[in-house]
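See below for the structure under consideration.
2 protein chains.
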Amino acid sequence: MAAEIFVKKQTIDLRKKHIGPSCKIFFSHDPVKIVRAKGQYMYDEKGQRYLDCINNVAHVGHCHPDVVKAGAQQMELLNTNSRFLHDNLVLYAQRLQATLPDKLSVCYFVNSGSEANDLALRLAWQYTGHKDIITLENAYHGHVSSLIDISPYKFQHLSDDERNQTVHVAPSPDVYRGKYRADHPDPASAYADEVKDMIHGVHEKGGKVTARHSGVCGQIPVHKNVSSGLFIFQDMRLQEETNQKEHNNPCDTGGIHIAAFIAESLQSCGGQVIPPTGYFQQVAQHVRKAGGIFIADEVQVGFGRIGTHFWAFQLQGEDFVPDIVTMGKPIGNGHPMSCVVTTKEVAEAFMSSGMEYFNTFGGNPVSCAIGTAVLDVIAKEDLQGNALRVGGYLARLLEQQKEKHPLVGDIRGRGLFAGVELVKDRLTLTPATAEAQEVIYRLKEQYILLSADGPHRNVLKFKPPMCFTEEDADLVVGKIDQILTELEEALGLKLQNALSLENGSSKRKLPAEENGHVYLGALSHDRGSSRGLPQQAKRLRT
Amino acid sequence: MAAEIFVKKQTIDLRKKHIGPSCKIFFSHDPVKIVRAKGQYMYDEKGQRYLDCINNVAHVGHCHPDVVKAGAQQMELLNTNSRFLHDNLVLYAQRLQATLPDKLSVCYFVNSGSEANDLALRLAWQYTGHKDIITLENAYHGHVSSLIDISPYKFQHLSDDERNQTVHVAPSPDVYRGKYRADHPDPASAYADEVKDMIHGVHEKGGKVTARHSGVCGQIPVHKNVSSGLFIFQDMRLQEETNQKEHNNPCDTGGIHIAAFIAESLQSCGGQVIPPTGYFQQVAQHVRKAGGIFIADEVQVGFGRIGTHFWAFQLQGEDFVPDIVTMGKPIGNGHPMSCVVTTKEVAEAFMSSGMEYFNTFGGNPVSCAIGTAVLDVIAKEDLQGNALRVGGYLARLLEQQKEKHPLVGDIRGRGLFAGVELVKDRLTLTPATAEAQEVIYRLKEQYILLSADGPHRNVLKFKPPMCFTEEDADLVVGKIDQILTELEEALGLKLQNALSLENGSSKRKLPAEENGHVYLGALSHDRGSSRGLPQQAKRLRT
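If you're matching them up, the sequences are chains G and E in order.
To convert, count from 1 in the first sequence and add 32; that's my numbering.
To convert, count from 1 in the second sequence and add 32; that's my numbering.
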């Protein structure tokens, strides 16, 4: 196919006509038309190069020749479903398994992170015989209906009546802006205790829980092999079994009925949040005690991105093993594929329902060849090592920005997964949303692709292809420096007191609203120019 | 990658270790290892050729060079998400739209038939503000949790408590085995009236319907533009609007609250069922009158397979246009992709919720290049015409089998989508399940891949790659002839009375159970040999 078939205006018009208007585009008032890409660079129809700081899907670099070759060769040979034996499937499963703790040994291959997370819920419901799910504030787990239900990022504007009553939202373990901050003596325990309290809350209204989905209640011997696989307090198990016998239906019990806790190992859309170490262990303990399991969503952050480990849940320590890990975006470098990995016990409980699981495209030989090639490239080019090195370098550059710019409230991240939270005030943490959007927009004008996310859309999100270099980091941070300097000048912002009154530890009230108005005033003043910030913010919410 | 990495035994062992046991394999006691495929043929690790009569996913032929080339070239150039403008996306949407009625103009690209059907439900819930779904007996619409809920093929063994109470199952419009048969003067109306009655039933228990999913009730101006797009009785709309005003929540009304009727245009897993012409029109009328929309699932049967039309819903006549069409399997010749197409009105209502729809892999340039290449090959090689011609030839051959073999109860189909229903008795229609499994198994021993499905697993299912030839049809039907002859000899079955007492029209009681026992007896007698049928049936339920 030619690089360009339509002129840009035609492409836009056809898109308006034929593509669902809910499918948003970056920079909607002046979108970018990309016709080719290589490594960490994308090129528009005029040959202009963009530095790509956001596409974690193009994990080993856009159009990596090894991945393209593996896909093309297998496409020529065979592409069919997994009802036939094929070596690619088992080889790839074996290779993936080798990156995980031994217990996580059984794979289900599917086509997207959404399919993976939906299957994870089905596994949890079936294995536990329970229905209730605990999810985190601002979480995003996918676009199918069951996942909208567990994604506050999507459903938070809905009324209580419109939400799924079996889904419970725990506070985001955000030590910068959350309930317990960096100054708290033990934020991991504090946030985990919130989950524990939530479980008790669910228990108290236990009778309300009903089996609406297939495979929920009383269908299989609940926790048949649970003692061999999971951390369960035996006394509570016994109590539950007694309840089940009495009621002849585990859902009738006023007892334990959590199906799962699900969280991204590092929250991405939720604002690049890094949970405090030990949080997952404690949550897992509470959840397993309540008969539930722990699902770690690695769709955004897996496959070596964090540098020190292959999986982000491993940041919590070797003593932590989730019951289910879901994968997605980077797994096939853009090829539609993904995977759910779980324990033998969970897999056997799922099978015991008697319901076959068949996924037409999942685990086809092409997807598995591509997945294997991605693993090969990560190893061959030491991309995990690169993420550690370049990620560390990027973090140091960004820390310097924090020292210099009052708009920079927090720098956080691991490896090539980083967030820069912009605030109007380091004490009140008033989100600098319009400013974040302005940074993104001005970077785009300088051919750098970055995005802003989080509940306030004020967190600059770095998740570039893993071949990102120190030079790339210099380039993007240099540009950000310039933009922040200009913005702060326009806003009349100076560092001054802010540095001495560092964030988070303080509950002291400052005139936040007033400050907000001052800043907005400054921005309004700037609106006389062609780039009024509120307007930008609106058009940039892509 | 080498054609074979592991010896077959190792592949099987690794599969047992690392692949979810719910993922079934064909011929589980002696599965087939396929290493390459071309056109309508698959090849095992020893180079043995199999004739493929079942893989409708490999629509234009396994590994079609044009499709492989389009995919490989685009993979080299760019593979990224639809937040950037790309011509492949809009070109492909335009091409797909051209195959559909004008009203169906808005596309959402996703990764699988399951993602497509789940999105169709979300669109229906959002557009109508209602929740209840009517689905057909034996229907299968996908593997994500929302679709298990509407797939009796999957959930029918669950208890009432375990089923989703907002899902209602209408009788399958099967004129061979269903409630109204070929002898009925107007089966289309009779089956459609069943849906109408069901809607009234749903109305009567209206108060039970609650908004559990996001975007269900009161969130958008319900049916804002409905008059422009859909067939709606204005008086009922007015009544509904009045109810809404009174209750301030459309879900509180005891009035109209069907969200959608969903059906495969021709039921596949459900037993290759061809609904009588006019059924969809009448159902659509009833459903739209009740505020709902019509979803046609073309995942199995679309893209010219039926020969006379590009889409199977078009068999119902030009006056029938669904509100949503979902696509899948054949769309990318094996590449994981799919699409939902709907009207502008439905798409705008979905957008009006304010919730973005983003699908990471959906509509990427590689998928769109592949989809376009598939459309090109269908046209260039006149595969729709081939389906008509070869399908017609196959149907004639199969009709001859029916004349010859008492086990053949019914021949039905359109183009290269055909079903052969095996029965032990043409009057009682006792399913010849074990015999169907035996046919499949013996064909496999003769290197022909066919499957049996339907609620009784007694329907031989033909849905081969579209390049299937008359010689292929001769080969498979010749083998079936031999196998049926042998089976009937072993069972002592002769045509005799059966022919004169043709199926369906009769409610006359024959000693069905007795006949069944006679046949089972014959099979039991045969169990002394190495191929006892009940045993086969068990091992072949793959």
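Virtual Cβ for every residue (Gly too), placed ideally from N, Cα, C.
Could you check whether residue j and residue i sit closer than 8 Å to each other, using their CB atoms as the reference points?
{"i": "Ser-114(G)", "j": "Gly-486(G)", "result": "no"}
{"i": "Ala-344(G)", "j": "Gly-334(G)", "result": "yes"}
{"i": "Asn-87(E)", "j": "Ser-370(E)", "result": "no"}
{"i": "Thr-392(E)", "j": "Leu-155(E)", "result": "no"}
{"i": "Gln-314(E)", "j": "Ser-221(E)", "result": "yes"}
{"i": "Val-201(E)", "j": "Pro-219(E)", "result": "no"}
{"i": "Thr-578(G)", "j": "Ala-148(G)", "result": "Because chain G here runs from 33 to 574, residue 578(G) falls outside it and cannot be looked at."}
{"i": "Tyr-425(E)", "j": "Tyr-311(E)", "result": "no"}
{"i": "Gly-441(E)", "j": "Leu-454(E)", "result": "yes"}
{"i": "Phe-494(G)", "j": "Cys-85(G)", "result": "yes"}
{"i": "Gln-126(G)", "j": "Leu-46(E)", "result": "yes"}
{"i": "Ile-512(G)", "j": "Val-471(G)", "result": "yes"}
{"i": "Gly-336(G)", "j": "Ala-419(G)", "result": "yes"}
Can you list, in chain order, the residues of its chain with a C-beta nearer than 7 Å to that of residue i? Leave out the 5 residues immediately preceding and following it.
{"i": "Val-99(G)", "result": "Val-92, Asn-365, Ile-402, Ala-405, Val-406 and Val-409"}
{"i": "Gly-52(E)", "result": "none"}
{"i": "Lys-40(G)", "result": "Lys-65 and Glu-77"}
Cutting at 6 Å between CB atoms, please list the residues of its own chain near residue i, excluding the five before and the five after it.
{"i": "Cys-400(G)", "result": "Asn-120, Leu-121 and Tyr-124"}
{"i": "Glu-169(E)", "result": "Pro-184, Val-201, Pro-203 and Ser-204"}
{"i": "Ile-37(G)", "result": "none"}
From this set, the options, which residue's C-alpha is nearest residue i's C-alpha?
{"i": "Asp-504(E)", "options": "Lys-48(E), Gln-72(E), Arg-68(E) and Cys-55(E)", "result": "Gln-72(E)"}
{"i": "Cys-499(E)", "options": "Ser-183(E), Gln-106(E) and Gly-339(E)", "result": "Gly-339(E)"}
{"i": "Pro-397(G)", "options": "His-118(G), Lys-526(G), Val-67(G) and His-50(G)", "result": "His-118(G)"}
{"i": "Glu-502(E)", "options": "Lys-412(E), Lys-78(E), Cys-55(E) and Leu-83(E)", "result": "Leu-83(E)"}
{"i": "Val-422(E)", "options": "Val-455(E), Val-440(E), Asp-506(E) and Gly-441(E)", "result": "Asp-506(E)"}
{"i": "Arg-320(G)", "options": "Ile-306(G), Phe-293(G) and Thr-309(G)", "result": "Phe-293(G)"}
{"i": "Arg-458(G)", "options": "Lys-526(G), Gln-317(G) and His-189(G)", "result": "Lys-526(G)"}
{"i": "Ser-297(E)", "options": "Val-331(E), His-318(E) and Gln-317(E)", "result": "Val-331(E)"}
{"i": "Leu-109(G)", "options": "Phe-116(E), Leu-110(E), His-96(E) and Thr-160(E)", "result": "His-96(E)"}
{"i": "Gln-317(E)", "options": "Ala-427(E), Ser-300(E) and Asp-355(E)", "result": "Asp-355(E)"}
{"i": "Tyr-473(E)", "options": "Thr-43(E), Pro-63(E), Ser-191(E) and Ile-44(E)", "result": "Pro-63(E)"}
{"i": "Val-353(G)", "options": "Val-67(G), Lys-135(G) and Phe-116(G)", "result": "Lys-135(G)"}
Tell me the DSSP secondary structure of residue i in three-state form.
{"i": "Leu-298(G)", "result": "coil"}
{"i": "Lys-436(G)", "result": "helix"}
{"i": "Leu-454(G)", "result": "strand"}
{"i": "Val-357(G)", "result": "strand"}
{"i": "Met-230(G)", "result": "helix"}
{"i": "Met-74(G)", "result": "strand"}
{"i": "Ser-483(G)", "result": "strand"}
{"i": "Ala-292(G)", "result": "strand"}
{"i": "Pro-97(E)", "result": "helix"}
{"i": "Pro-63(G)", "result": "coil"}
{"i": "Val-241(E)", "result": "Model confidence at Val-241(E) stands at a pLDDT of 37, short of 50, so the residue's coordinates are unreliable; what they give is reported in the following sentence. In the structure shown, Val-241(E) sits in coil (DSSP, three-state: anything other than H, G, I, E or B)."}
{"i": "Gly-510(G)", "result": "helix"}
{"i": "Ala-464(G)", "result": "coil"}
{"i": "Leu-117(E)", "result": "strand"}
{"i": "Asp-134(E)", "result": "coil"}
{"i": "Gly-424(G)", "result": "helix"}
{"i": "Thr-274(E)", "result": "The predicted model places Thr-274(E) with a pLDDT of 33, which falls under 50 and marks its position as unreliable, so this point remains unresolved."}
{"i": "Phe-335(G)", "result": "coil"}
{"i": "Asp-225(E)", "result": "helix"}
{"i": "Ile-472(G)", "result": "helix"}
{"i": "Arg-127(G)", "result": "helix"}
{"i": "Phe-345(G)", "result": "helix"}
{"i": "Arg-68(G)", "result": "strand"}
{"i": "Arg-47(E)", "result": "helix"}
With hydrogens ignored, establish whether the beta-carbon of residue i is closer than 7 Å to any heavy atom of the ligand SAM.
{"i": "Leu-132(G)", "result": "No copy of the ligand SAM appears in this structure; indeed no ligand is present at all."}
Ordered along the chain, which non-local residues of its own chain (more than five positions away) have a Cβ less than 8 Å from that of residue i?
{"i": "His-216(E)", "result": "Val-207 and Ala-222"}
{"i": "Gln-129(E)", "result": "Leu-136, Ser-137, Cys-139 and Val-373"}
Alpha helix (DSSP H) runs wholly inside the segment 164-212 of chain G, at least 4 long, in chain order: Every unbroken stretch of the alpha helix (DSSP H) spanning 4 or more residues and falling wholly within the segment 164-212 of chain G is given here in chain order: 177-180 and 184-187.
Inside the segment 365-406 of chain G only - beta strand (DSSP E) runs reaching at least 3 residues: The qualifying runs are 370-374.
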